[in-house]
Amino acid sequence: MYPTFKDFVQRLNESQYCNKNNVGPKINFDKNGQTFSISEYCKACPVYGVNYNMRSRKYEPISEATYKKTKGIGENENGRVPKEIKVLVLDRKEKSNDKEHISECKNAGLFEEASFQNWECQKKNRVEQCKLKNYSGDIDDDQEMEFNVFFSNG
């Protein structure tokens, strides 16, 4: 077992496959945000969907303003008071004041680190959605997503 993620990836960087491999580019396991992140195709869909931009030939997220305009939604229509939901994530390194719950999960997996993601969820603009309040771009994949994604990601 490896006490930390850093110890684990250090061993990967030292392995023969990673250093003497002519098959592809060298893999830098120290950049966990890039190396181990979810690919663009596997991230949660944008909360308000996507539109195809013919000029750039790419799908682009629909902004909240555009969504409200096209759906004819007024200010705060069908909105609810946000509810905070804490999600425990293994091997997510962040300072946490909730050591009691985290210590209960020790030895649950390969890595020893864990912290909580603080999501604020509400029904807004006719869409049940959540926003990550303590988002960190180098360790988190999504900042906003629909509520049902919590139950459908595998």
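In the working numbering, the protein residues as written are 6 to 159. Glycine included, every Cβ here is placed at the ideal spot set by N, Cα and C.
CB of residue i within 8 Å of CB of residue j, strictly
i: Tyr-57; j: Tyr-64; result: yes
i: Ile-67; j: Asn-130; result: no
i: Asp-145; j: Leu-137; result: yes
i: Glu-149; j: Gln-127; result: no
i: Ala-119; j: Val-92; result: no
i: Glu-182; j: Asn-123; result: Not covered by the structure: residue 182. The range shown for the chain is 6 to 159.
i: Ala-49; j: Val-132; result: no
Residues that DSSP places opposite residue i in a beta bridge
i: Cys-126; result: Lys-88, Cys-135
i: Tyr-53; result: Note: Tyr-53 sits in no beta bridge, so no partner.
i: Lys-63; result: Asn-58
i: Glu-151; result: Gln-134
Simplified DSSP assignment, three categories, for residue i
i: Thr-9; result: coil
i: Ser-68; result: coil
i: Ser-141; result: coil
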